[in-house]
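This report refers to the structure that appears directly beneath it.
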Amino acid sequence: MTLQPNNLAIRFPRRHLEPRFAQLAALCWRKGKRGPEVLLVTSSSGRWILPKGWPMEGKTHAEAAMVEAWEEGGVSRGKASRKPLGSYVAIKRTSEGDDLLCLHHVYAIKVRESLDVFPEAHRRDRIWVTPEEAARLVDEEGLREILLNFRRAT
């Protein structure tokens, strides 16, 4: 769910407007015939998202993003950016039904190899699309901006 600044106060009391949780997202990309292509996967609710997850003990944020790229998207080899491309705020709905306000840090991953058999292949669809198409498919406004800026930067 995308949060617009003027909608934050409606959804959350003032003391909860600052994100208290962080997630790491993997903007996996490869060179396509007509320019860069990015990987989207389906969430548990069927929305198109980037592979993402929680920080992992003993791993940098970029390394954790690589783990998510493998588990959720089948990216078996790639090179992650050391710093995030950008960040956006969105609500993460947990499996228990709780809504958590999260700051998502997005790391670019240049894909060298992806496999069709990966840990979450049985429960996720995936597609490779242009950054512009990805921006149309995702729900989060902040992520849309990152995808469109990524296209301009490549």
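Using the numbering used here, read the sequence shown as starting at 13 and increasing by one per residue.
Cβ atoms here follow ideal geometry from the backbone N, Cα and C, with glycine treated the same way.
Note that the structure is a prediction, hence the values are computed from the model and not measured.
{"Query": "Strictly by DSSP, which residues pair up with His-116?", "Result": "Gln-35, Tyr-100"}
{"Query": "Ordered along the chain, which non-local residues of its own chain (more than five positions away) have a Cβ less than 7 Å from that of Trp-60?", "Result": "Leu-52, Thr-54, Leu-149, Val-150"}
{"Query": "Contact check, Ala-120 vs Ser-93 under 8 Å by CB: the rounded distance?", "Result": "4 Å"}
{"Query": "Taking just the CA atoms, how far does Leu-127 sit from Thr-72?", "Result": "24 Å"}
{"Query": "Between which two residues does the beta strand (DSSP E) carrying Arg-138 extend?", "Result": "138 to 141"}
{"Query": "Restricting to runs no shorter than 3 residues, where is the beta strand (DSSP E) found entirely within the segment 53 to 112?", "Result": "87 to 92, 98 to 105"}
{"Query": "Where does Glu-125 fall in DSSP's three states?", "Result": "strand"}
{"Query": "Tell me which same chain residues have a C-beta within less than 7 Å of the C-beta of Thr-106, skipping the five on either side of it?", "Result": "Leu-112"}
{"Query": "List the whole-angstrom C-beta distance separating Val-141 from Glu-49, where the pair is believed to meet the contact cut-off of C-beta under 8 Å.", "Result": "6 Å"}
{"Query": "What does the Cβ neighbour count give for Trp-66, buried or exposed, with the cut at 16 atoms within 10 Å?", "Result": "exposed"}
{"Query": "For Lys-43, which residues does DSSP report across the bridge?", "Result": "Pro-48"}
{"Query": "So is Arg-135 buried or exposed if we call it buried at 16+ other beta carbons inside 10 Å?", "Result": "exposed"}
{"Query": "Looking at Phe-162 and Leu-97, is the spacing between their C-beta atoms short of 8 Å?", "Result": "yes"}
{"Query": "Just mark Arg-156 as buried or exposed, buried being the case when its beta carbon has 16 or more other beta carbons within 10 Å.", "Result": "buried"}
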